[in-house]
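Let me begin by presenting the structure, written as structure tokens, before commenting on it.
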Amino acid sequence: MASATPSQPSTKETSNYAQLCRLLVEVGSLMLREIFDRVCPPENLHAVLTNPTNHAKLQTLRKKRVLSTFQWGKLYPVSKTSVSSGNFDTSLLLFLLRNIFGLNFPASGRNNLPPGSDTSPEADITRIKFFRDRVFRYAANASVDDPTFSLYWNNIKDTFLRIGGTCYEEVIDDPTLHCMDADLEEHYQELLREWLKDDDHITDKVHGDKIVKKARKGGDMEDSLDISEQNSWERETVLMPGENTSPENGNGSPPELSVKLPKLCDLPAISSSWETVELPVDIVLLAVEDCEFLSCFAYLKEPFKSYHISTGPVYFGCMGDDQGKKMKIALMRCSKGPDVPQGSLSVSKDAISVLRPKAIFSVGACSGLNSKKVKLGDVVVSAKLITAVYKTPPSRDIGNLIKHVADGWKAPLQNADEYNAKVHCDGVVLSISEANRDMIRKHPEAIAVEIEGGGENHNNSNN
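Here it is, written out as structure tokens:
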């Protein structure tokens with residue numbers, strides 16, 4: 001009797017990479033089709049393709065073998081009225097948007113995202129291709145650690161939901177996206193690789209005299225932009241792990257840390273009795289993403305976990321050097337946004353009631369508004385928080401605390417002297433969407449936009 005040889009078991013890291021590939025291939029193609037159908041409504045597609053000028057242009061590109069016979073058959077099927085964007089692959093969708101509808105977007109290898117205020121089809125396509133290229137950088141090892149996976153997944157998900165609407169949340173959260181054997185993981189890795197290969201092939205064929213050729217070994221990609229387009233795109237920074245940045249221009253990701261962050265598997269597995277917790281605590285730290293939570297946990301001294309029915313799991317420890325007074329810290333997680341289940345608002349209220357802290361701080365990423373004042377790697381402590389509804393100054397105690405927060409602080413960065421990271425403790429922080437350019441213009445004194453707290457977690461105090 002013959003027995004099947006089981007597929008090579010996948011590790012958590014390889015599974016993470018395959019899940020990102022599948023998210024981009026399956027849901028990313030749906031997003032591109034959404035964009036295409038907005039530019040060319042389905043009822044107009046047949047007329048556009050049979051337009052003599054467009055047909056002649058496509059015929060010429062077919063003869064140059066830019067379009068394959070298979071793709072030509074999708075554009076001009078035997079039953080002409082059956083033509084549908086649903087039958088177009090991602091490369092064909094991008095090809096038509098660029099060459100027939102005149103959309104101007106980079107080929108691939110773009111280093112920065114468009115501004116959040118730009119929701120044009122070109123900008124949305126650029127975002128999809130940006131994340132595709134960034135994920136493919138991990139193709140050489142085909143593995144992504146948990147903090148990196150969480151960061152990419154959430155950024156891609158947020159982008160897709162803004163493009164396609166909340167109706168796609170069920171698609172993205174479908175458990176089958178996360179359940180793959182080794183063969184299926186390899187399949188989606190190859191599909192992502194083929195997408196880039198096909199995209200580059202078509203772009204190079206059409207713009208052969210303008211494109212700067214790229215060398216791509218495994219997952220290592222060099223930048224490749226159409227020279228005629230390179231200066232027409234407004235630059236914006238995106239925070240992604242594993243990339244270096246120049247302190248002068250501030251583009252790319254934050255500088256590398258000089259300390260090693262723990263992994264989720266390093267957290268205490270056993271909960272201590274709540275009776276052993278010394279209350280009240282001095283400060284509660286709230287974090288949304290795993291990487292932010294682990295960054296805080298790394299600095300807890302003598303950490304332990306406990307559980308309360310009102311707060312759920314809480315990690316306790318101390319911060320401070322041996323010479324000064326140690327502060328009792330409670331570290332908690334919350335969901336993104338103030339008014340969602342387990343969001344910053346409800347978690348803050350429970351923390352104040354149970355832990356009785358002197359202050360609650362939201363720890364996470366913020367987007368600098370002035371590259372001359374704030375650069376990647378800097379720390380911003382909100383001296384005043386402004387939302388679309390209200391302004392909230394800090395309490396007197398918090399104001400005194402953050403005034404000298406940078407005294408004696410040394411940035412835990414590799415080449416810290418080169419980056420000269422600073423702590424900004426007197427700035428105005430906006431708690432709004434980065435797309436709200438009117439609010440940003442109204443507050444030129446603001447130095448940053450906070451991304452996750454929703455305005456609820458800064459400078460709360462219990463006097």
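Under the UniProt record's numbering, the first residue of the sequence shown carries the number 1, and numbering increases by one thereafter. All C-beta atoms in this analysis are idealised placements derived from N, C-alpha and C, irrespective of residue type, glycine included.
From the listed residues 412, 355, 141 and 426, the smallest Cα separation to residue 14 is found for 141.
Cα atoms of residue 21 and residue 353: separation of roughly 43 Å, rounded to the nearest angstrom. In its chain, beyond the 5 residues on either side, no residue has a beta carbon closer than 7 Å to the beta carbon of residue 407.
Under the three-state reduction of DSSP output, residue 315 falls in the strand class. The Cβ-Cβ distance between residue 262 and residue 286 does not fall below 8 Å. Measuring C-alpha to C-alpha distances from residue 112 to each of 96, 130, 97 and 122 identifies 130 as the nearest. Residue environment for residue 96: buried (at least 16 other C-beta atoms within 10 angstroms of its C-beta). Unbroken alpha helix (DSSP H) runs of no fewer than 4 residues, entirely contained in the UniProt domain "DZIP3-like HEPN" (42-188), are found at 42-50, 52-63, 69-75, 90-99, 121-136, 146-164 and 169-172, following chain order.
Straight across, the Cα-Cα distance linking residue 284 with residue 39 is about 48 Å. Secondary structure at residue 282: coil, using DSSP grouped into helix, strand and coil. Excluding the 5 residues flanking it on each side, residue 153 has same chain C-beta neighbours closer than 8 Å at 19, 20 and 23, in chain order. Nearest to residue 333 by C-alpha distance, out of 344, 327, 101 and 325, is 344.
In the structure shown, the three-state DSSP call for residue 310 is coil. Listed as beta-bridge partners of residue 362 by DSSP are 286.
Annotation for residue 83: 45, 46, 49, 74, 75, 76 and 77 place their beta carbon closer than 8 Å to its own, counting only its chain and skipping 5 residues before and after.
A Cβ-Cβ contact shorter than 8 Å links residue 272 with residue 305. CA-to-CA, the gap between residue 278 and residue 359 works out to about 16 Å. Put simply, of 157, 183, 356 and 424 the residue whose alpha carbon is nearest the alpha carbon of residue 173 is 157. Classified as exposed, residue 445 has fewer than 16 neighbouring CB atoms from the shown chains inside 10 Å of its CB. For the pair residue 189 and residue 139, the CB atoms are nearer than the 8 Å cut-off.
Nearest Cα to residue 317 within the set 71, 310, 163 and 299: 299.
Residue 18: member of the alpha helix (DSSP H) spanning 12-22, first to last residue. About 18 Å separates the CB atoms of residue 177 and residue 136; that is not less than 8 Å, and the two are not in contact. Buried is the label assigned to residue 98, since at least 16 other Cβ atoms lie within 10 Å of its Cβ. Residue pairing for residue 424: DSSP places it in a beta bridge opposite 380. Residue 100 holds the alpha-carbon nearest to the alpha-carbon of residue 52 among 100, 182, 117 and 87.
Collapsing the DSSP output to three states places residue 449 in a strand. Contact annotation: residue 27 and residue 160 have beta-carbon atoms nearer than 8 Å.
Membership of residue 30 in the alpha helix (DSSP H) is indicated by the continuous run 28-39. It is roughly 13 Å from the alpha-carbon of residue 366 to the alpha-carbon of residue 288. Between residue 90 and residue 32, the gap from beta carbon to beta carbon is short of 8 Å. In this structure, the CA atom of residue 281 is about 49 Å from the CA atom of residue 122. When beta bridges are read from the DSSP output, residue 343 appears opposite 335.
DSSP places residue 351 within a helical segment (H, G or I) once states are collapsed to three. Residue nearest to residue 102 within the set 165, 146, 36 and 382 is 36 (criterion: CA-CA distance). In this structure, the CA atom of residue 319 is about 22 Å from the CA atom of residue 347.
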